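Written below as structure tokens is the structure these notes are about.
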Amino acid sequence: TQLLEQSPQFLSIQEGENLTVYCNSSSVFSSLQWYRQEPGEGPVLLVTVVTGGEVKKLKRLTFQFGDARKDSSLHITAAQPGDTGLYLCAGPNTGTASKLTFGTGTRLQVTL
Amino acid sequence: EAQVTQNPRYLITVTGKKLTVTCSQNMNHEYMSWYRQDPGLGLRQIYYSMNVEVTDKGDVPEGYKVSRKEKRNFPLILESPSPNQTSLYFCASSLYQGTHGYTFGSGTRLTVV
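Protein sequence lines correspond, in order, to chains H and V. Numbering of the first sequence is given in my numbering, commencing with residue 1160 and proceeding in unit increments. Numbering of the second sequence is given in my numbering, commencing with residue 110 and proceeding in unit increments.
This is the structure we're talking about:
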């Protein structure tokens, strides 16, 4: 079973601060996805990274896929209270791409 | 509006009473999947389906059944629910396997007493 470890588990910061969330594995993934989940709702897809070394930007969010495709990071610039939520990385299992493994999650709270 | 619709949102039932959680998507997606989310354990895949009549087990399939008779529907069946199946359940669908993300439903909070 391919595992995805996220760090940190919890992050509480003030509005305007920058932060980085990490998603690591000992296995190679063909792609990685990032989701944000708010309380009582399903995860919402933010981005998919496919190519090793790829960098994607979504407004204040920057996603990077490691060169070896074993890790990914999410960087948020000037965090806002609306960024509060649970951030999840996920990747398809090698050989059975329909089986999606989710990371352990990073719970972010941004306060005024 | 493109969406995955689950029903019911909340359900309290008793041990052993069969129940079905419905899931429907209006995006003509081929891939559908069920997950359960538990504190400390994260999201775990129960079953997934690659197309009509094609289903396979995820990581935690015990105690669950699924069927995919139509492309848009993927119900989750608990034949004899037990308290350890108390959880938050999500249905999700995707157009392509692997590289494309899933669209998730709003969830079903199930309590088995």
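Quick reminder that beta carbons are idealized off the backbone N, C-alpha and C, glycines included. Since the structure is predicted, the reported quantities are computational estimates derived from the model, not experimental observations.
query: Looking only at C-alpha atoms, which of Q194/V, A111/V, E162/V, N182/V sits nearest to K127/V?
result: Counted from its first residue, the second sequence places residue 127/V at position 18. The shortest C-alpha separation from K127/V is found at Q194/V.
query: For S191/V versus T114/V, is the C-beta distance shorter than 9 angstroms?
result: Along the second sequence, read from residue 1 onward, the residue named residue 191/V stands at position 82. Along the second sequence, read from residue 1 onward, the residue named residue 114/V stands at position 5. No, the pair does not count as a contact, with Cβ atoms beyond the cut-off.
message: Taking CB distances under 9 angstroms as the criterion, tell me whether A1227/H reaches chain V.
response: Working through the first sequence from its first residue, we reach residue 1227/H at position 68. Chain V, which has no Cβ nearer than 9 angstroms to the Cβ of A1227/H, makes this no.
query: Can you tell me whether DSSP reads N193/V as helix, strand or coil?
result: Translated into positions along the second sequence, residue 193/V becomes position 84. In this structure, N193/V counts as helix in the three-state DSSP scheme.
query: Looking at the unbroken beta strand (DSSP E) that takes in Y205/V, where does it start and where does it end?
result: Sequence index remark: in the second sequence, residue 205/V carries index 96 (1-based). Taken as a continuous stretch (DSSP letters only), Y205/V belongs to no beta strand (DSSP E), as it is neither H nor E.
- prompt: Taking only beta-carbon atoms, is P1167/H less than 9 angstroms away from chain V?
  reply: Position 8 of the first sequence, counting from 1, holds the residue named residue 1167/H. No - not a single Cβ of chain V is within 9 angstroms of the one on P1167/H.
task: Just list the beta strand (DSSP E) runs in the stretch 1175-1244 of chain H, keeping only unbroken ones of 3 residues or longer that don't cross its boundaries, in chain order.
output: Fully enclosed beta strand (DSSP E) runs of 3 or longer: 1178-1183, 1191-1196, 1203-1208, 1214-1217, 1220-1224, 1230-1235.
For A1249/H, the three-state DSSP class (helix, strand or coil): Within the first sequence, the letter at position 90 stands for residue 1249/H. In the structure shown, A1249/H sits in a strand (DSSP, three-state: E or B).
field: the stretch 1190-1207 of chain H: positions lying closer than 9 angstroms to chain V by Cβ
entry: S1190, Q1192, W1193, Y1194, Q1196, G1199, E1200, G1201, P1202, V1203, L1204, L1205, V1206, T1207
message: Measuring CB atoms only, is the stretch 1227-1240 of chain H touching the stretch 171-189 of chain V, in the sense that at least three cross pairs come out at less than 8 angstroms?
response: Cβ pair count under 8 angstroms is below three, so no.
- request: Anything in chain H within Cβ reach of M159/V, meaning under 9 angstroms, just list it in chain order.
  value: Numbered from 1 along the second sequence, position 50 holds the residue referred to as residue 159/V. Here the neighbours are S1257.
- prompt: Within 9 angstroms (strictly less), CB to CB, does S142/V reach chain H?
  reply: As a position in the second sequence, residue 142/V is number 33, starting the count at 1. Judged by the 9 angstroms Cβ criterion, S142/V is in contact with chain H.
message: Quick check: L1178/H and C1248/H, are their CB atoms within less than 9 angstroms of each other?
response: Within the first sequence, the letter at position 19 stands for residue 1178/H. Within the first sequence, the letter at position 89 stands for residue 1248/H. No, these two residues do not count as a Cβ contact at 9 angstroms.
- request: Can you say whether Y119/V is buried or exposed, counting buried as having 16 or more other CB atoms within 10 angstroms of its CB?
  value: Along the second sequence, one-based indexing puts residue 119/V at 10. Exposed.
- prompt: Using 8 angstroms as the Cβ pair cut-off and three pairs as the minimum, do the stretch 154-164 of chain V and the stretch 1255-1263 of chain H touch?
  reply: yes
query: Quick one, are the C-beta atoms of Q134/V and C200/V less than 9 angstroms apart?
result: To locate residue 134/V, count along the second sequence from 1; it is residue 25. To locate residue 200/V, count along the second sequence from 1; it is residue 91. Yes, Cβ-Cβ distance for Q134/V and C200/V is below 9 angstroms.
task: Look up S176/V in the DSSP assignment and say whether it is helix, strand or coil.
output: Locating residue 176/V in the second sequence gives position 67, counting from the first residue. Reduced to three states, the DSSP call for S176/V is coil.
query: Roughly how many angstroms lie between the CA atoms of H138/V and G1244/H, to the nearest whole one?
result: Indexing the second sequence from 1 puts residue 138/V at position 29. Indexing the first sequence from 1 puts residue 1244/H at position 85. Roughly 27 angstroms separates the two Cα atoms.
- prompt: In chain order, what residues of the same chain lie with their CB nearer than 6 angstroms to the CB of F1188/H, ignoring the 5 residues before and after it?
  reply: For this step, residue 1188/H is matched to residue 29 along the first sequence. Contacts found: R1228, G1250.
DSSP three-state assignment for Q1173/H, whether helix, strand or coil: Within the first sequence, the letter at position 14 stands for residue 1173/H. It is a strand residue.
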